Structure formats: C-alpha cells, structure tokens
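Numbering-wise, the numbering used here comes out as the position in the sequence shown, counting from 1, plus 2.
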Amino acid sequence: MKYYSGSKYQIEWTNQHSCNNANSNCELILQYMCNSDLRDGTRTNTIPDSEDGSKDQQFGMHEDYEYYLWCSLRERNKGLFTADQNLVNKHTAKYTRQDNQGKRYGYECAEEKDYYPYWQPSPWKDIAILTNNAKKCPYYQSESQNVKSRWGCYFSFENLKKAKNQIDNFPKKSLPNNKEDCEKTEFNGIRGVWKEFPAHGLPQPDCRETDFSRDNHLGNGLDGSPNLYNWTLPNIDETKCVFRIRYNISTEDYDSWNTTAEYNGNPTKLDLSDKYGLPSAEVAKNRGFVFKGNPNVKLFADANFELQLAVDTSQYGRTFQDRTHVFSIKERPDSLKGAVIHNLNVRGKRGNIVQVYPAVEYDFVPNTLNIMTGDYVHFQWTGSNNNPLNNAGQGKAGTDRNNALLLTSQLYPEGNDVPFGPGPVFGHYGNNYPSSLNNASFLDLRKTDLIQLSFLKPNNADKDLNNADPYFNLEPRQVTTVGTYHYVCTRNNNFSNRDQKGRISVTKFTMENGALGYMGGVMTSRDGQVVLIADQGVLDGLQKLTLEVWPREEGVRRMESNGAKLSIGEKYVSNFVVISPQTEITVLGKKFQVRMQTDPDASNVNIYVSSTDSSFSSWSKVKSDIGKDGVATFSASRGGVYVAKSDSYTVLIISLCVSILVIFLIAGGGILYFRKNPNKWKQLKESTNLVKRSTQDKV
C-alpha cells in the first residue's frame, strides 16, 4: 500500500475490554515507525534469535535484531510491580509481569511493549494516546519520545554479541540500565557508554479521551460506526513503514499507577481490607482476601468453607497489540502539492460474519466519505490469496478481490426521501446492480478509470476478478462535481447479510471533523475564515465535532426549504457557520470561543444563532465583538447555526426619526386634549400633588 504524505487516513479498531467505561481503565497508543530494513516476509513462524536469522528474507521483521539483543541483555526495571509472578533469575527486559517466561514475538522488547511511556530508547513514533483519564494527557505528551530524549547504557552491536555469550551462561548477569552501573560495570573488558538518544523531533502526540466500548463486544461504537482515529500522515518520504496500536487494560483491584516493587510477594503485600469492607489487613489475609494467583477465599467469617477464585496476576494490567504489514508514505508529486487527498480503502477479509470474527466482513473505509469539490480521492486496497479455503465468498476459494462501480438509479418511489445534501444523487443505496459503464457518472471519472475500478486490470473478462491481483491502486483523482454517489463492489455482494457498498458526498462547502475533549483544541475551516477554540477543561467529555461553512446562498436555500427566514437585519455579511452537535457540549458555566470572518466594510454587525434541529424556526442574538478586520469573536456553550447580519445607518436614522415623530404626536395630542378638557387637566394636577405628598411622607 502506498499513501501520500499529508493525506487523511482513517484507522478503525475493536478492543475486547471496555474503554471509557467504569468497568476498567483503558489506554490506546497509536504509533508508527519507518526504516529501510522493515519487511513482511513469506513465512508465519517466528524469526530466529540470531544475526543470520535476521537477514533471512523469508521472515518478516519490524524491530531489528540489535534492538532485541540489547533489550534481552539489559537489566529490567526492578522497581515495577510484578505481583507474585516468579521472576527469579529472570533479570533482563525480556521478562515482565505479563510475560514471565520471556516468550519472544519477533524482535519486540517485552518491557517496551508492556509499558508506556517507555524509559529506554524505542524506534516507535507516537501518533496519539487515547485514555480514560484525559487529565494524564500533559504527562503522556511531555514524556513522549517525540519530544523528550532517552538515555541508555550503549554497547556496540559487536560488544552486545560478546556480552550475550557471557550472560547466556550466567543468568544472574545483565547489562546495566542506569548511569552509575553503566560507568563501572565491565564484561571481560567490555564497558558501556551512558549515552543520550535524541528525541524523534516530532510534535507532541495527540491525546484525548477514549471512545466508549463495552466488554467482550468487539463491535461498533455508540453511534453504530466503528471507533476510529483520523490520522493525517506525516510529511515524509519513506518506502517502508509500519503502524501498531496497543491498548492497556487494568482494573481497580489495586492502584496500578502507584503500586511498586515493594508490594511484590506471594501473596503480595497489597492491603485489600478497605476494598472488601474488612476491619484490618490481618483479617483480610486470614480470610484469603489477598492479591495472588488463584486465592482461596473464605466468604463468610463463621462458615467453614472456602471458594477458589480463578485469578492470574499476570493479567491484572495487560497489554494487547495489533500491527500492520509494511506500507509506504511517499512525497507528493508537484501535481498534488497543496491538494487535499482522501484515502479510500477496503477493510475485512473473506468469509461470513462467523468465519471472520473477531475481524469483519468486507467494507469500504471510510464507508461514507464527505469531501469538497477540488479534493482528490485515492482508491487503493489489498488482499490475500491465502484465506481459509472453506470461508464463504465469491470467486476462487481463499482469495480476496474488490472493485467499485456506481449503483443503478432509483427504480421505485419511496416514502420521505432522505436528504443527502445539495446536488443530485447518483446511484441508489437500496439497489444491488451496478450502472452501465457507458452511462455511469461516478465522480466524473474518465471511462478508462471506471473500467479500471470495475475490472482492476485491462482486458479482464473474468466476472469474479480471479485473474486480477489482490492489490489495486488508482492514483488520486480530483472530484469536481457536486453530488452524492452510491457505489458497490460486485464481487462481495452475496450471502445473506453481506453488502459491500459505499457513499461519497461532494459539496462546495468545507466540512471539518474533530474529536475534542478535556484537553481542548482548535478546529479551523479549510479557508481559515472560521476558528473554534476550546481551552483545557471546557468541553464536557469527548465531543465529536463537525465544523461546516455554508456559502450564504446555501444557508438561505436551506432555511427556505424549511419555510423559515431570518427577518432581523438588512443583509448577510458572513457565511453560515454550523457547529455540531447542536446541543450543550461544555462543562456547566464554561464556553468555547469562535472567530468568524465577516465583511470588513459592513457596519452595525450582529451575530445570530439558530439550529437545524429546530428547522431554523427561531433565531437569537449572540453577544460578540467585531474587530477592525471584520473578525467577529463570540463565546458559546452549544453548537448551532451562526451567521452575521448588518443594519445600515439609514435604517437606524429612519427608526430614530419615527420615534421622535411618535413622541411629538403624543405630546401634541395631549396638549389639544387638555385644552378642550380643562377639568381633566385640573384632576391630573391634583392627583400628582397627592402622589408627591405621599412619597414625601414615606421618605
């Protein structure tokens, strides 16, 4: 797979244990690395633990052998809580509480895999940290190797190999992991150098709350769509990169952040009495309420029986991981510099929903793609010829193939049409057959592109695409026509609930999506005319925000389609700014800030807000400041539709003149009335005097 730097890439996942849920603590770490030695390999068994094995191209390799060798010989962090796990004579960083047997997975360092942020140098670069407790984000960001260097006791590769021979024969030995030991320890004349390893020189990673997921679900999030993260690929030119996602899950059985090696033992020295409502640590221990493997617990003080709990302390605080194959991030050619590129890929594997679980069936990613005219779409996917042979699917057994064709138009009348946005709708989502290539208007692509998307390669007459390669790439194509396009994969559109379809919505206005939470953040429209700023602590939890900017005529069109209008003010002096969700999204008493451009020459400008949820039925004035440059600044606690209108001075003068005229008419009418009715004037004077005396008495 080949992606262009700066393009948008959607990452989706499922995790077995819950996140953003009271049941457990959860952190997800998204990282990547690039170097020329990365490879996929052709075998699935573990790469040999040797220098020669690391050079065997049959085996895939991410971390290299030198990295693993240093880890496997380096003293592990003995200040960590390892509970009652047996780590006797297991002194190096390949042994952890979670992996006390030192099982090897490629050339990964077990200690680095299990802990974040890691204190030794790592080749992995941070993209994002998603956590249940976003108040830890400043710590995660400042400790990331993106911005903070690491120190370690450095040995050359040749010296590492010499040290290995000694340490393998003397299990109690290990290479130093601190400055003092590094400078005084020798192995037959071999001495390390306490060395600084520079930071990666990248921005701090993004950090925010996790999306909600429930235990043992392995499915979509609360909104019915996969939990995801939108990664803007870095501006690099690398032929070989890999991505990994890890999540750490821990329970509230003990304070995992503040529990250290001093509590290790069998059983551990953790006091569980308060947690289970027992009077003292001694009582808890005598009744088996201790943190250890498979404890026998006496539930009732007066009953003479015990129950054994299936507890494995290696799994209380546990890290899971998944990685990609090798892909490229390429520098853009001159023709694509400055362009917005959206990657459109395929997820899933061959088989029905049971056969592929916990993976998923085929689908396009993103399934719904919202873009602006002038943007580029990069169709690209890959697959395998080695799926299980009995997995259901079209075409040759064991193979993945995908294509994309515009669906046929609507055939029958329906009830209330679903509004997909401005412009025509091409293809109907409810149909299952593709349009003829002779008549298809799919993203205004050339016919040669349509043929390539359909058949994957020239002169491929095989309807099941068996003769095509699993990998397909159509270089980025610019989209210029407004509309909503529904398309289908013809091969993977069979067997009960299987249905591989997608939607691309193209508009003339900008739409930005963001996920902001406790840490706050900034969202900016593509043209820079609108900026949303949320300071730290303002937003009420994780908010999936959308920032749209409608041209004035589009905003008016949408209001008129709902039978509404904004009658206040003389004329519009800004575009319509739409912030969703259009509900309260801040902590009580706090507000985010919006800056939006209005016409610099407009006078007497006011900002008004309404809601699409109310069909623009009512508008309210928003307190705002208008700068000399025409930038309006205001604060809000909820989303909505915001727009600026102006009143000319002519209107104000006319209003003032009318008011003065009304006053004169009232005064003149009063004088004429009392001249014709002098008794009424006398009664009014007497009443006034009575009121005056009454007031004086009260004073």
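Glycine residues also receive a C-beta, built at the ideal position from the N, C-alpha and C atoms.
Nothing here was measured: the structure is a model prediction, and the numbers come from that model.
- Per DSSP, reduced to three states, the secondary structure at Val379 is strand.
- When DSSP states are grouped into helix, strand and coil, Ile668 belongs to the helix group.
- Looking at the backbone, the Cα of Glu586 and that of Ser74 are separated by about 52 Å.
- Membership of Cys36 in any alpha helix (DSSP H) is not indicated; the residue belongs instead to the beta strand (DSSP E) covering Asn27 to Cys36.
- When DSSP states are grouped into helix, strand and coil, Asn577 belongs to the coil group.
- Between Asn347 and Gln396, the C-beta gap is not smaller than 9 Å, which leaves the two residues out of contact.
- Going by beta carbons, Phe444 and Leu408 fall inside the 9 Å limit.
- Excluding the 5 residues flanking it on each side, Phe159 has same chain C-beta neighbours closer than 8 Å at Glu68 and Leu71, in chain order.
- Closest in alpha carbon position to Gly539, among Asp128, Gly43 and Pro140, is Pro140.
- In the three-state scheme derived from DSSP, where H, G and I count as helix and E and B as strand, Gly504 is classed as strand.
- Non-local beta-carbon contacts of Tyr359 in its own chain, meaning distances under 8 Å to residues more than five positions away in sequence, involve Leu220 in chain order.
- Tyr487 and Ile609 have their C-alpha atoms spaced approximately 35 Å apart.
- DSSP, reduced to helix, strand and coil, places Gln168 within a helical segment of the structure shown.
- In this structure, Ser582 places its C-beta atom within 9 Å of the C-beta atom of Leu547.
- In the three-state scheme derived from DSSP, where H, G and I count as helix and E and B as strand, Asp627 is classed as strand.
- Short of 8 Å from the beta carbon of Thr375, and not among the five residues preceding or following it, lie these beta carbons of its own chain, in chain order: Val481, Thr482, Thr483, Val484, Val508, Thr509 and Lys510.
- Take the alpha-carbon of Lys186 and the one of Cys155: they are about 11 Å apart.
- In this structure, the alpha-carbon of Pro426 lies about 18 Å from that of Asp377.
- For Phe457, the enclosing alpha helix (DSSP H) stretches over residues Lys449 to Phe457.
- For Met561, the uninterrupted alpha helix (DSSP H) run begins and ends at Arg554 to Ser563, by DSSP.
- Judged by DSSP in its simplified three-state form, Ser438 adopts coil rather than helix or strand.
- In this structure, Leu544 keeps its C-beta atom at 9 Å or more from the C-beta atom of Arg216.
- Here Thr253 has Ser26 and Tyr318 as same chain residues with Cβ atoms under 7 Å from its own Cβ, once five neighbours each way along the sequence are excluded.
- A direct Cα-Cα distance of roughly 7 Å separates Ile131 from Glu29.
- For Asp170, the closest of Glu572, Phe157 and Thr94 by C-alpha to C-alpha distance is Thr94.
- Listed in chain order, the non-local C-beta contacts of Val607 below 7 Å within the same chain comprise Val575, Thr600, Ile628, Ala634, Ala646 and Ser648, local neighbours out to five positions each way being set aside.
- Here the segment 112 to 120 makes no contact with the segment 166 to 183; the two share fewer than three CB pairs at distances below 8 Å.
- Burial is judged here by how many other beta carbons sit within 10 angstroms of a residue's own beta carbon; Asp128 has at least 16 and is buried.
- Measuring C-alpha to C-alpha distances from Ile13 to each of Asn369, Ser438, Lys332 and Ile453 identifies Asn369 as the nearest.
- The Cβ-Cβ distance between Leu371 and Arg505 falls below 9 Å.
- In its chain, beyond the 5 residues on either side, Arg403, Phe457, Leu458, Lys459, Asn462 and Asp464 have a beta carbon closer than 8 Å to the beta carbon of Ala470.
- For Asn161, the secondary structure class from DSSP, reduced to helix, strand or coil, is helix.
- Excluding five sequence positions before and after Asp39, the CB atoms of its chain that fall closer than 6 Å to its own CB belong to Asp66, given in chain order.
- Within the same chain, Phe293 and Tyr318 come within 7 Å of Asp255 by CB-CB distance, once the 5 residues on both sides are set aside.
- By alpha-carbon distance to Leu162, the top candidate from Asn180, Lys137 and Arg193 is Arg193.
- In the structure shown, Pro140 adopts helical secondary structure according to DSSP, grouped into three states.
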